[in-house]
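For the sequence shown, the working numbering gives the first residue as 2, with consecutive numbering after it. The C-beta atom is built at its ideal place from N, Cα and C for all residues, glycine as well. Only one structure is covered here, and it is reproduced in the block below.
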Amino acid sequence: MENTSKVAIVTGGGSGIGRASSLKLAEDGAKVVVVDFNQATGEETVDLIKEQGGEAIFVQANVTDSKDVQNYVNKAVETYGRIDIFFNNAGVIQKFAKLADVPEEEFDRTMNVNVKGVFLGLKYVLQVMEKQGSGSIINTASTAGIRSEHSASAYSASKHAVIGLTKAAALEYVRQGIRVNAICPGGVETALTAGVTESFKEGGYVPEEVSTMRIGRFSQPQEIAEAVVFLASDKSSYMTGSVMVVDGGLTL
2 MENTSKVAIV
12 TGGGSGIGRA
22 SSLKLAEDGA
32 KVVVVDFNQA
42 TGEETVDLIK
52 EQGGEAIFVQ
62 ANVTDSKDVQ
72 NYVNKAVETY
82 GRIDIFFNNA
92 GVIQKFAKLA
102 DVPEEEFDRT
112 MNVNVKGVFL
122 GLKYVLQVME
132 KQGSGSIINT
142 ASTAGIRSEH
152 SASAYSASKH
162 AVIGLTKAAA
172 LEYVRQGIRV
182 NAICPGGVET
192 ALTAGVTESF
202 KEGGYVPEEV
212 STMRIGRFSQ
222 PQEIAEAVVF
232 LASDKSSYMT
242 GSVMVVDGGL
252 TL
């Protein structure tokens, strides 16, 4: 196990990629701080970790609230003494529409969670890791962050911003022993993406790859979790500022 005795924080840990990664990190030996806005699903993830013999706690948080972010960071340090891994994963998908038809409130909501939430997580976790002189951070971007997505201007802009934050943090903290990388999933079968096809239809566009990924299917959250565990571990010790695409060939 590559992450034995390490302490990991996972935001959006109550479902989808966050839950799968929490379970996989725990399986790999890490103690996990599961962070989610939804108390029921977050606590369920903790229960699943404990059932498989792992150690975890739950902290409820709104990732756009700096006090909540400071609280989950402080809880991790108070409980386990350090933060070795931060999977900065919580995010939302916008309601699909062409740019001129996107309500201002929807743009603000998407940017607030996907960009400000990631920024705040970085801001407060980096302070802890800098004192330690070590740490690995993985931000969840998207294939929408390396290309455009039809009817998803706000989402695409937010994920481009996540990659920008990843590279900025990697550059600024590399000499402090902190690595910062991003993952770019393509289509993933989660509750968050379950309504994507219908939402695209409502926006007047259904791209071919929604129903037929080049590999022939959407990914499972567990497949994305494998990439997260790799980036969290010392096996990726020479990687920082990298953008790892896990998309079944979608962007080829």
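CB of residue i within 7 Å of CB of residue j, strictly
| i | j | result |
| --- | --- | --- |
| Gly249 | Ile216 | yes |
| Phe219 | Glu190 | yes |
| Ser137 | Arg180 | yes |
| Val36 | Val8 | no |
| Glu52 | Asp29 | no |
| Thr65 | Lys25 | no |
| Gly55 | Ala77 | no |
| Ala57 | Val33 | yes |
| Ile50 | Phe88 | no |
| Gln95 | Tyr156 | yes |
| Lys99 | Ser152 | yes |
| Ser159 | Thr80 | no |
Boundaries (first-last residue) of the beta strand (DSSP E) holding residue i
| i | result |
| --- | --- |
| Thr80 | Premise fails: Thr80 lies in the alpha helix (DSSP H), Ser67 to Tyr81, not in any beta strand (DSSP E). |
| Asp48 | Premise fails: Asp48 lies in the alpha helix (DSSP H), Gln40 to Glu52, not in any beta strand (DSSP E). |
| Val33 | Lys32 to Asp37 |
Cβ distance (whole Å) where residue i is taken to contact residue j below 8 Å
| i | j | result |
| --- | --- | --- |
| Gly15 | Thr46 | 6 Å |
| Val114 | Val93 | 5 Å |
| Ile184 | Val247 | 6 Å |
| Ala31 | Ile86 | 6 Å |
Beta-ladder partner(s) of residue i, from DSSP
| i | result |
| --- | --- |
| Ile184 | Thr141 and Met245 |
| Ala158 | Paired residues: none, contrary to the question. |
| Asn89 | Asn140 |
| Val189 | Ser220 |
| Thr12 | Val36 |
| Ile18 | Answer by DSSP bridge pairing: none, since Ile18 is not bridged. |
| Ala101 | BP columns for Ala101 are empty, so no partner. |
| Ile179 | Gly136 |
The alpha helix (DSSP H) enclosing residue i, as first and last residue numbers
| i | result |
| --- | --- |
| Thr5 | No alpha helix (DSSP H) holds Thr5; DSSP gives it neither H nor E. |
| Phe219 | Counting along the chain, Phe219 falls outside any alpha helix (DSSP H), and DSSP gives it neither H nor E. |
| Ala57 | From DSSP, Ala57 is part of no alpha helix (DSSP H) but of the beta strand (DSSP E) over Ala57 to Gln61. |
| Lys124 | Gly118 to Gln133 |
| Met112 | Glu105 to Met112 |
CB contact below 7 Å: residue i versus chain C
| i | result |
| --- | --- |
| Thr5 | Of the protein chains in the structure, only one exists, and it is not chain C. |
task: Taking 8 Å as the threshold, find out whether the segment 138-154 comes into contact with the segment 163-171 through three or more Cβ pairs.
output: yes
- prompt: Is the segment 221-240 in contact with the segment 117-126, if contact means three or more CB pairs nearer than 8 Å?
  reply: The segment 221-240, when compared against the segment 117-126, does not touch it at the 8 Å Cβ threshold.
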